[in-house]
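Residues 1 to 359 (this note's numbering) are what the sequence shown spells out, left to right. Ideal placement from N, C-alpha and C gives every residue a C-beta, glycine not left out. Everything numeric in this text was worked out from a predicted model, so none of it was measured.
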Amino acid sequence: MYPRLVYHAEALAENVQRVASRCSREGITLWGVTKGVCAQPEIARIMVRNGCRALMDSRMRNLRALKAQDLGVPLWLLRIPMSSEIPEIVEHADGAVISMAESVHLLHQACAQRRHPFEVMLMVDIGDLREGIWPDEVDALAEAFSACPRVRCIGVGANWGCYGGVLPTEENEKKLLSVGRLLEGRLGQPLTYFSGGNSSALSLLENGGLPSRINHLRVGEAILLGTDVTNMRSFPWLRQDTMEFQAEIVELRRKPSVPLGKRGADAFGNVPEFEDRGYRLRAIVALGRQDVRPEGLTPLDPRMTILGASSDHMILDVEDADPLKVGEVLSFRPDYGAMLQGATSAYVEKCVLEEPSEL
Ligand SMILES: *Cc1c(COP(=O)(O)O)cnc(C)c1O
């Protein structure tokens, strides 16, 4: 069935092992982030088997599915909680990241029946301007934790490159550490984790720029794609052949490269521009914006280029490629956005291949 998103188990397992061993050499606990693949069960298992000590996902629906798999590791909610989902979080998650005192109070109330405190990690905003307390709010949060003993803060975490594109640096990580130390002082007890960021923070590991007290990372992209979109690079020590989109050719025809007649906007309101390259062989594959973000796809055959896409059709220039036939399947490497949308689309078949040769 096409279109489909094919995951390569072996490449993914290798990436988890390589990230995990690099982390453990530096005394860093690795938690795997599954949201990019909607907590795909086999991939979650690969993460756990190869060195992730816990799994994190931004959706309770995904965490519930992970819980049913009985993976034997803690499952954490990675998005700061909606107040309306707090009862569900307490029932199904082992912990959550938070940034608001209100969440601490609500979690405390919801935990009245629990025997163990509910664990949270306090997010600190070091400038990326997505979630996190401002560093001068430590006292207010410490007060909330003191008033809510059924909630236990086990660490602080910072995030990079998600909204502001702010890069993790040694200096930024030190700011997180100082906020964490301040919180330890106010709470009168040590924190277990200083969580230095996501995949982008692995770049700091490579050049020794990660302060030694940073002892925790939350990694998705580097494992799933071998890339670091924030630093705009691929990790040379990780594999990028972890997954591919596959779509079937439904039309193959030589056509002019510039549309004929008077032109308005395309189906999405954009006014496209065209370069006249004469008649070119074009392939239409049955894949579109309902399945994927086409801008995030790269054809595996470098002689092909994606010309554009509407909801259900993607058009490629295949003039310079080997001869093709209708019904043939073309493959594409996704970036993070394309992976996320493909994993989310109900129209995209997902399949996990154990061996590369199964293709
Ligand atoms: C998504 C997310 C991560 C993982 O990011 P990657 O770039 O996929 O490694 C880590 N922390 C938070 C808070 C996130 O939202």
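Limits of the unbroken alpha helix (DSSP H) element including residue i
i, result
"K174", "170-187"
"P41", "41-49"
"H108", "101-110"
"S139", "According to the sequence shown, residue 139 is Asp rather than Ser. Note, D139: alpha helix (DSSP H), 138-147."
"S203", "202-206"
"M339", "336-344"
Bounding residues of the beta strand (DSSP E) (the contiguous stretch that carries residue i)
i, result
"E248", "243-256"
"I98", "95-98"
"T298", "297-299"
"R152", "151-158"
"L316", "314-317"
"L307", "305-309"
"I284", "279-285"
Any non-hydrogen atom of ligand 1 closer than 6 Å to residue i Cβ
i, result
"R22", "no"
"R218", "yes"
"V33", "yes"
"S199", "yes"
"L30", "no"
"L78", "yes"
"E221", "yes"
"N159", "yes"
Residues bridged to residue i [DSSP beta-bridge criterion]
i, result
"K350", "L5"
"D266", "Beta-bridge pairing links D266 to no other residue."
"W76", "M56, G95"
"G32", "L55, V219"
"R119", "Checking the sequence shown, residue 119 turns out to be Glu, not Arg. Answer is G95, R152."
"F332", "F245, P299"
"R233", "D228"
"S195", "G157, H216"
"I133", "V124"
Cβ-based burial, residue i [other Cβ within 10 Å; buried from 16]
i, result
"N159", "buried"
"E102", "exposed"
"F332", "buried"
"K325", "exposed"
"W31", "buried"
"Y7", "buried"
"Y193", "buried"
"E358", "In this prediction, E358 has a pLDDT of 49, which is less than 50 and means its spatial position is unreliable; what the coordinates show is noted afterwards. E358 is exposed by the Cβ-count criterion."
"K35", "buried"
"D125", "buried"
"W134", "exposed"
"W237", "exposed"
"P323", "exposed"
"P149", "exposed"
"F245", "buried"
"P294", "buried"
"A266", "Per the sequence shown, the amino acid found at residue 266 is Asp instead of Ala. So D266 counts as exposed."
"C38", "buried"
"H216", "buried"
"N270", "exposed"
"G288", "buried"
"S361", "The first residue shown for the chain is 1 and the last is 359, placing residue 361 beyond what the model contains."
"H108", "buried"
"N207", "exposed"
Contact test: residue i Cβ vs ligand 2 heavy atom, cutoff 6 Å
i, result
"E42", "As far as ligands go, the structure on display features ligand 1 and does not contain ligand 2."
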